[in-house]
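Here the protein sequences come in this chain order: A and V. Start counting the first sequence at 1; every next residue gets the next number (my numbering). Start counting the second sequence at 1001; every next residue gets the next number (my numbering). So the structure is just underneath, and the comments pick up after that.
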Amino acid sequence: AQKITQTQPGMFVQEKEAVTLDCTYDTSDQSYGLFWYKQPSSGEMIFLIYQGSYDEQNATEGRYSLNFQKARKSANLVISASQLGDSAMYFCAMREKSSGGSNYKLTFGKGTLLTVNP
Amino acid sequence: DVKVTQSSRYLVKRTGEKVFLECVQDMDHENMFWYRQDPGLGLRLIYFSYDVKMKEKGDIPEGYSVSREKKERFSLILESASTNQTSMYLCASRIGLAGGSSYEQYFGPGTRLTVT
């Protein structure tokens, strides 16, 4: 079963508008973390934002905010005032204990391709 | 700034060849990871290492092995390359557990491997 689900393979948004990228997750752990990464066409993975399961406030980093709804197991990324440079693939990921229990690993969703139109 | 480098951006190998993908990080990170990325599948963890000579299987380890003889270097080995291993390979590193579980992974630029 998928642990991270991103239901939007592609999204379009007009420049300067806000956009929400969906992410739902599945875990039975009480302690976990959620990450969002951006991957432009050049290929590098860029960390955007982190939310811990015990954090009471939604995380924000500049134009990025994470809409964390724990009961619904969702961690949507909101980008305000979209810019042309925001066009990229966006990945949601969950931090969980590795099967060996020795460390943490990230499990990624399949990604959402965001296109910002001028 | 953390820097993660990978030995090649593009690589073309023949079926049956032994392939080495090298990854080096310069921030003294304890943890290093190898992923493969395929369209529509996202990133999938192949192997990771949490210390020198220590490794753990990820979600898709079949057909791969790894080596970590020095802290800064983590190698992915395809013992006998096959066409279904054609993919983008991404290396990442992060600080160890003592640094806190919120610390993000830093990624290298990726190696696009084609097996013909």
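The beta carbon of each residue, even a glycine, is placed where N, CA and C say it ideally should be.
Selection from the options that minimises the alpha carbon distance to residue i
i	options	result
Pro118(A)	Ser82(A), Gln51(A), Ser28(A) and Ser65(A)	Ser82(A)
Phe1033(V)	Gly109(A), Gly111(A), Ala71(A) and Asn103(A)	Asn103(A)
Tyr25(A)	Gly10(A), Leu106(A), Trp36(A) and Ser74(A)	Ser74(A)
Glu1104(V)	Gly1016(V), Val1019(V) and Asn1031(V)	Asn1031(V)
Glu1079(V)	Tyr1106(V), Asp1051(V) and Ser1065(V)	Ser1065(V)
Ser98(A)	Phe1048(V), Thr1015(V), Ser1075(V) and Lys1018(V)	Phe1048(V)
Gly1040(V)	Ser87(A), Gln6(A), Asn67(A) and Ser80(A)	Gln6(A)
Gln1062(V)	Gln1085(V), Leu1043(V) and Lys1071(V)	Sequence check: residue 1062(V) is Glu here, not Gln. Nearest of Gln1085(V), Leu1043(V) and Lys1071(V) to Glu1062(V), Cα basis: Gln1085(V).
For residue j and residue i, the rounded distance between their alpha carbons
i	j	result
Ser1082(V)	Thr1116(V)	8 Å
Gln39(A)	Lys1053(V)	30 Å
Thr60(A)	Leu1045(V)	27 Å
Gln30(A)	Asp55(A)	12 Å
Val116(A)	Ile46(A)	18 Å
Arg1068(V)	Lys105(A)	17 Å
Tyr90(A)	Met1027(V)	25 Å
Ser1087(V)	Arg1036(V)	6 Å
Gln8(A)	Cys23(A)	9 Å
Tyr1106(V)	Gly85(A)	21 Å
Ser53(A)	Tyr32(A)	5 Å
Leu1011(V)	Arg72(A)	43 Å
Gln1025(V)	Leu34(A)	24 Å
Arg1014(V)	Glu1022(V)	18 Å
Contact with chain A by residue i, beta-carbon distance below 7 Å
i	result
Phe1107(V)	yes
Glu1022(V)	no
Ser1011(V)	One detail in the question is off: residue 1011(V) reads as Leu in this sequence, not Ser. Judged by the 7 Å Cβ criterion, Leu1011(V) is not in contact with chain A.
Leu1076(V)	no
Leu1043(V)	yes
Glu1072(V)	no
Glu1104(V)	yes
Gly1016(V)	no
Glu1069(V)	no
Tyr1050(V)	yes
Arg1056(V)	The sequence given here has Glu at residue 1056(V), not Arg. Closer than 7 Å: yes.
Any chain V beta carbon closer than 7 Å to residue i
i	result
Gly109(A)	yes
Phe12(A)	no
Lys97(A)	no
Glu15(A)	no
Lys38(A)	no
Met45(A)	yes
Lys70(A)	no
Gly100(A)	yes
Lys105(A)	yes
- request: Inspect the CB distances between the region 108-116 of chain A and the region 1084-1099 of chain V and report whether three or more fall short of 8 Å.
  value: no
- request: Pair every Cβ in the region 1052-1067 of chain V with every Cβ in the region 1002-1014 of chain V, then say whether three or more of these pairs are closer than 8 Å.
  value: Too few Cβ pairs lie closer than 8 Å, so no.
query: Where in the region 1018-1077 of chain V do unbroken runs of the beta strand (DSSP E), each at least 3 residues long, occur, reported from the N-terminal end onward?
result: Complete beta strand (DSSP E) runs here, min 3: 1019-1025, 1031-1038, 1042-1051, 1054-1057 and 1064-1070.
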